[in-house]
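Residue 531 in the working numbering sits at position 33 of the sequence shown; the count goes up by one each step and never skips.
From the three backbone atoms N, C-alpha and C, an ideal C-beta is built for every residue, glycine too.
Quick caveat: nothing in here was measured; it's all calculated off a predicted structure.
Down below is the structure, laid out as structure tokens.
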Amino acid sequence: MNDATPSRDDLRSIARQAVRAEITQRAIALLDERGFDQTTVEELSAAVGISPRSFFRYFPNKEDVAIGDLMPMGDLVEKALLERPEDETAWAALRAALGPLVRIADSDPDNVRRSTRVALSTPGLRAKTIERHTAWAAVLAPIVARRLDGTGERAAMAAEAITQSALACLYVATAAWSSGSDQSYSRLLDEAFDAVAQL
């Protein structure tokens with residue numbers, strides 16, 4: 499077998515990811531239509547054409563089908579932030595580092611809007627979304643701190659404040675975009691960041 503030929507494990511992984519993506523897309527459509535708390539795993543499974551047992555092979559719980567992809571998105575933001583020019587301000591670098599999230603939203607706006615609506619309209623999922631943003635901040639703030647002049651507690655606190663403010667802008671722009679704003683996701687992010695920058 500040459501290097502270009504995928505292994506059997508690679509093919510299984512690709513197939514599993516494709517099935518997981520299909521389950522997610524159909525489940526999100528149903529959750530958006532009926533509401534997260536009003537929809538059972540049995541109903542989700544039936545809509546997708548699998549058994550509840552099969553559902554749990556792909557997702558540990560119902561929450562994971564709705565917001566399971568948030569943490570990997572944080573990794574994309576971290577990578578993008580690390581690649582920003584060193585002479586860029588921390589605020590500008592954070593805004594630019596959100597570019598991968600915009601590209602994901604632009605690649606499949608209907609499904610991303612639906613999943614975001616589900617996450618933000620369900621109190622438990624909204625709390626988990628904020629919890630994951632807090633986890634992102636723990637990773638991003640030290641990178642921001644390296645961009646700031648100074649070290650120690652004061653720089654760490656400033657970096658945390660800047661990072662949390664950027665994530666609050668992300669949350670506000672995402673909520674506006676998912677609720678049907680006529681503006682692009684990128685434009686809403688720019689407006690949120692600009693509003694805070696003018697303070």
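Discussion item. For P598 and L580, what's the separation of their Cα atoms in angstroms?
Written reply: Along the sequence shown, one-based indexing puts residue 598 at 100. Along the sequence shown, one-based indexing puts residue 580 at 82. P598 and L580: Cα-Cα distance of roughly 13 Å.
Worksheet item: Any chance the segment 623-640 sits against the segment 538-548, with 3 or more Cβ pairs inside 8 Å?
Response: no
Worksheet item: If we count the other Cβ atoms within 10 Å of its Cβ and call it buried at 16 or more, is T649 buried or exposed?
Response: Residue 649 sits at position 151 when you count from the first residue of the sequence shown. Burial call: exposed.
Practice prompt. Would you kindly check if the distance between the Cβ of A588 and the Cβ of V642 is under 7 Å?
Written response: By one-based count along the sequence shown, residue 642 stands at place 144. By one-based count along the sequence shown, residue 588 stands at place 90. The answer is yes: Cβ separation under 7 Å.
Worksheet item: Whose C-alpha, out of K560, I628 and A578, is nearest the C-alpha of I521?
Response: The sequence position of residue 521 within the sequence shown is 23, counting from 1. Comparing Cα positions, the closest option is K560.
Worksheet item: Looking at the unbroken alpha helix (DSSP H) that takes in F534, where does it start and where does it end?
Response: Reading the sequence shown from its first residue, position 36 is the one you call residue 534. That residue, F534, is in no alpha helix (DSSP H); it is neither H nor E in DSSP.
Discussion item. Just to confirm, is the Cβ distance from L623 to I565 under 7 Å?
Written reply: Position 125 of the sequence shown, counting from 1, holds the residue named residue 623. Position 67 of the sequence shown, counting from 1, holds the residue named residue 565. Yes, the pair counts as a contact, with Cβ atoms nearer than the cut-off.
Worksheet item: Just the Cα atoms here: how many angstroms apart are A659 and K577?
Response: Here residue 659 corresponds to residue number 161 of the sequence shown, with the count starting at 1. Here residue 577 corresponds to residue number 79 of the sequence shown, with the count starting at 1. So the two alpha carbons sit approximately 20 Å from each other.
Item to complete: State the DSSP-derived secondary structure class of D567, mapped to helix, strand or coil.
Response: As a working note, residue 567 is residue 69 in the sequence shown. Coil, per DSSP.
Practice prompt. Buried or exposed for A693, please, with buried defined as at least 16 other CB atoms from any protein chain shown within 10 angstroms of its CB.
Written response: Position 195 of the sequence shown holds residue 693. A693 comes out exposed.
Discussion item. Tell me which residues share the same chain as A690 and place their Cβ nearer than 6 Å to its Cβ, disregarding the 5 neighbours each side in the sequence.
Written reply: If you number the sequence shown from 1, residue 690 lands on position 192. Excluding sequence neighbours, A690 sits near C667, V670 and A671.
Item to complete: Return helix, strand or coil for G597, following the three-state DSSP convention.
Response: On the sequence shown, position 99 is the one that residue 597 refers to. Three-state DSSP puts G597 in a helix.
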